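Numbering (my numbering), first residue to last: 1 to 587. Quick reminder that beta carbons are idealized off the backbone N, C-alpha and C, glycines included. None of the values given here were measured: they were computed from a predicted structure.
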């Protein structure tokens with residue numbers, strides 16, 4: 001050929017000609033700016049002592065002197081790890097955290113304003129520069145078997161190399177390498193990733209989800225009213241289940257309110273959303289979860305009528321980031337029985353006028369022609385998009401058909417619109433229209449007693465996205481958990497799919513089923529509340545004397561199990577008075 005033969009060897013470059021070397025790529029020194037001093041004046045020397053405090057802003061925080069709230073360990077491995085592919089297929093080569101590929105990796109869920117320490121051990125025969133989004137981290141140790149050990153580094157990074165291990169002639173690792181880092185999780189509650197910064201490693205699975213949760217995981221228990229006693233809502237701290245506040249939201253309303261927890265005002269503290277139940281004009285109110293001058297959950301953020309005042313079928317409420325505001329959630333309201341099913345997504349920008357409803361960002365009818373009402377849940381229930389979804393269920397009288405809807409907020413490019421290739425696969429018609437991403441029967445189609453909903457990382461140890469949780473409001477009160485994929489399924493199958501198919505309908509599989517109140521009166525409601533490893537499952541049902549709330553964790557019964565089973569963690573005191581299980585809410 002016209003190309004000269006390649007000669008293997010070593011190239012030595014004077015370090016002064018290198019501006020950056022990350023272990024894989026070397027960048028040359030370049031002149032970015034050239035300044036010519038003003039020779040007309042006299043120069044001035046600024047005295048500086050080595051180590052002198054410059055009093056300049058730095059985002060660096062020395063976490064090495066702090067006590068980590070949680071210590072985590074991650075292992076890196078790789079090879080022909082995808083059992084769903086043939087070893088003759090290059091797609092069989094994967095890179096893995098904890099013996100699985102993204103997104104089937106145990107959830108990393110730190111609390112806001114906490115410090116964690118992570119030990120990342122490399123058992124793969126290559127080096128891996130680790131990049132963590134959002135916050136910088138501090139290296140506290142590197143154990144490189146080829147070059148030695150280093151200690152605490154007094155500066156922050158967002159990318160650092162996990163060294164290659166020592167391996168034999170067969171590329172079997174004999175001495176692993178490791179990186180230890182600490183990170184303080186500041187200024188953002190939400191989901192992002194850690195991943196290898198080598199693109200082919202990242203694209204072949206070496207990535208994991210990080211979901212930062214509020215400092216306090218609060219949840220709500222609705223207490224129905226009775227003759228002469230208005231309905232109320234208990235807000236509890238999931239750590240110990242202590243009551244933080246009892247809120248009376250609608251004076252004179254003696255029915256059953258609906259509840260939700262969400263980041264309504266964007267301060268990364270969970271706020272309380274409450275809606276009127278059957279028998280009253282529709283009204284929604286949100287309370288600030290921050291400890292204001294009025295107290296916890298005492299200051300109103302907004303109060304408005306989501307539907308016409310003549311409708312008295314009640315409403316259901318939820319909250320999620322639908323319109324792309326990364327800090328504040330949208331208030332979402334579903335109609336109760338008595339009108340055609342309707343869901344309204346209100347703008348995350350709240351009006352300053354008390355009593356005025358936020359603008360409607362999106363509205364849709366999940367069950368055309370049905371007047372049984374709509375139950376709501378929200379969450380990132382599929383990992384392919386990284387977007388929050390709204391999950392719906394019809395009320396009593398209809399078959400238990402669960403649907404999920406997503407807003408990708410994409411607009412076709414001018415070129416796509418001009419050449420006719422704008423198929424709008426990402427959205428229903430315009431950015432404010434939802435795309436239905438799934439539908440499935442949660443129970444036998446002949447069951448028509450109504451379904452309660454929630455979503456959360458109740459199987460966080462198994463990775464994947466949040467699970468959808470359903471419970472029967474009639475019948476046996478059976479609770480079921482549905483997953484779009486996790487390590488319970490083995491390796492993820494998406495690496496074998498054409499990327500164009502990743503936007504197709506999401507399929508959910510049942511990973512748990514149990515009856516939390518066997519032999520009791522029918523009707524169970526559900527919610528989830530976050531922990532540093534996933535989420536606990538809350539269920540409410542009827543027992544002798546009233547309503548009882550129980551908290552469960554879900555675990556594999558055996559290491560090779562393909563489903564998870566409930567383990568009782570706590571039981572709240574019985575609340576006398578209610579005749580049916582009342583709504584719960586958490587995040």
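In chain order, what residues of the same chain have a beta carbon less than 6 Å from the beta carbon of residue i, not counting five sequence neighbours either side?
{"i": "residue 580", "result": "523"}
{"i": "residue 506", "result": "382, 437, 438, 484"}
{"i": "residue 201", "result": "95"}
{"i": "residue 379", "result": "455, 466"}
{"i": "residue 350", "result": "302, 358"}
{"i": "residue 207", "result": "102, 193, 195"}
{"i": "residue 596", "result": "Shown here, the chain extends from 1 to 587; a query on residue 596 therefore has no answer."}
{"i": "residue 57", "result": "none"}
{"i": "residue 476", "result": "515"}
{"i": "residue 296", "result": "244, 245"}
{"i": "residue 236", "result": "219, 243"}
In angstroms with no decimal places, state the Cα-to-Cα distance between residue i and residue j.
{"i": "residue 427", "j": "residue 271", "result": "Annotation note: pLDDT 45 at residue 427 (below 50); position unreliable, coordinate value reported separately. If I take the Cα positions, the gap works out to 29 Å."}
{"i": "residue 374", "j": "residue 492", "result": "32 Å"}
{"i": "residue 332", "j": "residue 69", "result": "34 Å"}
{"i": "residue 77", "j": "residue 510", "result": "29 Å"}
{"i": "residue 47", "j": "residue 144", "result": "40 Å"}
{"i": "residue 577", "j": "residue 551", "result": "21 Å"}
{"i": "residue 394", "j": "residue 406", "result": "18 Å"}
{"i": "residue 508", "j": "residue 468", "result": "9 Å"}
{"i": "residue 186", "j": "residue 264", "result": "19 Å"}
{"i": "residue 232", "j": "residue 248", "result": "5 Å"}
{"i": "residue 566", "j": "residue 298", "result": "35 Å"}
{"i": "residue 199", "j": "residue 494", "result": "17 Å"}
{"i": "residue 33", "j": "residue 41", "result": "22 Å"}
{"i": "residue 38", "j": "residue 44", "result": "12 Å"}
{"i": "residue 27", "j": "residue 15", "result": "11 Å"}
{"i": "residue 521", "j": "residue 309", "result": "34 Å"}
{"i": "residue 13", "j": "residue 64", "result": "35 Å"}
{"i": "residue 410", "j": "residue 377", "result": "23 Å"}
{"i": "residue 538", "j": "residue 130", "result": "36 Å"}
{"i": "residue 408", "j": "residue 384", "result": "11 Å"}
{"i": "residue 71", "j": "residue 353", "result": "46 Å"}
{"i": "residue 176", "j": "residue 559", "result": "26 Å"}
{"i": "residue 8", "j": "residue 153", "result": "36 Å"}
Just to confirm before moving on: does the CB-CB distance between residue i and residue j stay below 7 Å?
{"i": "residue 472", "j": "residue 465", "result": "no"}
{"i": "residue 142", "j": "residue 74", "result": "no"}
{"i": "residue 257", "j": "residue 222", "result": "yes"}
{"i": "residue 189", "j": "residue 212", "result": "yes"}
{"i": "residue 197", "j": "residue 159", "result": "yes"}
{"i": "residue 487", "j": "residue 463", "result": "yes"}
{"i": "residue 275", "j": "residue 317", "result": "yes"}
{"i": "residue 156", "j": "residue 138", "result": "yes"}
{"i": "residue 583", "j": "residue 525", "result": "yes"}
{"i": "residue 345", "j": "residue 334", "result": "no"}
{"i": "residue 586", "j": "residue 261", "result": "yes"}
{"i": "residue 442", "j": "residue 402", "result": "yes"}
{"i": "residue 17", "j": "residue 29", "result": "yes"}
Would you kindly report the start and end of the unbroken alpha helix (DSSP H) that includes residue i?
{"i": "residue 393", "result": "That residue, residue 393, is in no alpha helix (DSSP H); its beta strand (DSSP E) goes 389-394."}
{"i": "residue 203", "result": "199-203"}
Tell me which residue opens and which closes the beta strand (DSSP E) that residue i is part of.
{"i": "residue 414", "result": "Premise fails: residue 414 lies in the alpha helix (DSSP H), 414-419, not in any beta strand (DSSP E)."}
{"i": "residue 143", "result": "138-144"}
{"i": "residue 116", "result": "115-122"}
{"i": "residue 131", "result": "128-132"}
{"i": "residue 28", "result": "26-28"}
{"i": "residue 12", "result": "Run containing residue 12: none; DSSP gives neither H nor E here."}
{"i": "residue 566", "result": "565-571"}
{"i": "residue 304", "result": "300-304"}
{"i": "residue 262", "result": "258-262"}
Tell me which same chain residues have a C-beta within less than 7 Å of the C-beta of residue i, skipping the five on either side of it?
{"i": "residue 267", "result": "290"}
{"i": "residue 269", "result": "214, 289, 290"}
{"i": "residue 420", "result": "none"}
{"i": "residue 98", "result": "74, 75, 105, 106"}
Quick one: does residue i have its CB under 7 Å from some CB of chain D?
{"i": "residue 336", "result": "Looking for chain D here will not work: only one protein chain is present."}
Once the 5 residues before and after residue i are set aside, which same chain residues still bring their CB inside 8 Å of it?
{"i": "residue 337", "result": "278, 313, 314, 371, 372, 373, 395, 396, 397"}
{"i": "residue 399", "result": "441, 445, 446, 447, 448"}
Exercise. Answer yes if the segment 530-549 comes into contact with the segment 455-470, meaning at least three C-beta pairs across the two stretches below 8 Å, and no otherwise.
Key: yes
Quiz item: For the segment 177-187 against the segment 110-119, are there 3 or more C-beta pairs whose distance is under 8 Å?
Solution: yes
Quiz item: Looking at C-beta atoms only, is the number of pairs between the segment 150-165 and the segment 122-129 that lie closer than 8 Å three or more?
Solution: yes
Quiz item: Does the pairing of the segment 307-320 with the segment 288-295 give three or more beta-carbon distances under 8 Å?
Solution: no
Quiz item: Can at least three beta-carbon pairs, one atom from the segment 320-335 and one from the segment 354-373, be found at a separation below 8 Å?
Solution: At 8 Å Cβ cutoff, the stretches touch.
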